[in-house]
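For the sequence shown, position 40 (counting from the first letter as 1) is numbered 40 according to the UniProt record's numbering, and the numbering increases by one without interruption. Report on the structure given below.
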Amino acid sequence: MKRAEQLEKTRQSIMRTATKLFLQKGFGETSTRDIAKQVGITQPALYHHFSDKEVLYLDVMTNLSSKVRKDINKVMRKHKLTPNEQLWQITVVLKKHHPVSIYDQYHQAVSLLSKSSQQKLNMILAMNYLQPIAEYFKQPEVELRPDILPQEAAELFLAGISPIFGTYQPIGGHNISDDQRDQLILDCIISGLSKTK
1 MKRAEQLEKT
11 RQSIMRTATK
21 LFLQKGFGET
31 STRDIAKQVG
41 ITQPALYHHF
51 SDKEVLYLDV
61 MTNLSSKVRK
71 DINKVMRKHK
81 LTPNEQLWQI
91 TVVLKKHHPV
101 SIYDQYHQAV
111 SLLSKSSQQK
121 LNMILAMNYL
131 QPIAEYFKQP
141 EVELRPDILP
151 QEAAELFLAG
161 ISPIFGTYQP
171 IGGHNISDDQ
181 RDQLILDCII
191 SGLSKTK
């Protein structure tokens with residue numbers, strides 16, 4: 001194998017391992033030493049590919065978030081779905097890519113990053129999560145409340161689905177499946193907790 005191919009193979013292995021660890025443990029609890037050890041390389045070898053942990057984290061989040069956006073856009077092109085079915089499928093996309101709450105991970109990371117990295121992470125969140133979800137809320141069929149902007153609805157939606165990621169008390173007891181629990185949470189976010197009169 002040529003050196004360039006080997007370097008690319010190592011870089012991809014670093015990205016895969018870093019993605020897994022950052023998503024499972026968060027930015028603060030993942031070290032470059034942990035990543036290098038799991039890849040089977042030294043820390044200096046990792047730094048040959050990524051100058052520091054923040055650069056690696058932002059590359060991971062850029063790569064992951066572009067997949068999230070692509071998958072959300074696929075859902076939005078399914079015009080035969082009802083708005084509730086679309087929102088459920090968007091939720092499935094988010095859960096597929098994130099083992100824990102997106103906002104929990106975001107807030108933990110942003111508090112530890114440099115100012116310029118915070119700005120980049122904010123841009124990643126806005127462009128690849130909030131903007132495509134806001135597009136869902138712009139659809140006339142969704143009938144968004146007039147006092148809430150689509151961007152605000154997207155932010156509230158991402159915050160509201162945190163229990164779906166299992167980071168809070170399980171809702172609905174033990175008599176329902178995980179999918180039923182997730183749909184119950186989503187329904188409460190969209191429809192509220194009280195019957196409308």
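Yeah, the Cβ is synthetic: ideal placement off N, Cα and C, and Gly gets one too.
- DSSP places Ala4 in the uninterrupted alpha helix (DSSP H) bounded by 3 to 25.
- With respect to the 7 Å criterion, Thr32 and Lys53 are classified as neighbours on the basis of their beta carbons.
- Val93 has its alpha-carbon roughly 33 Å from the corresponding atom of Gln43.
- His49 has its alpha-carbon roughly 44 Å from the corresponding atom of Ile148.
- Annotation for Ser65: the continuous alpha helix (DSSP H) segment containing it runs 53 to 76.
- A Cβ-Cβ separation of about 7 Å places Asn84 in contact with Ile190 under the 8 Å criterion.
- The residue among Arg69, Asp179, Ile41, His79 with its C-alpha nearest the C-alpha of Pro140 is His79.
- In its chain, beyond the 5 residues on either side, Pro83, Tyr136 have a beta carbon closer than 8 Å to the beta carbon of Val142.
- Distance from Gly28 to Leu112 at the Cβ level is roughly 5 Å; contact confirmed, criterion being Cβ atoms closer than 8 Å.
- Here Leu156 is exposed. Its C-beta has fewer than 16 other C-beta atoms within 10 Å.
- Annotated three-state conformation of Gly28 is coil, per DSSP.
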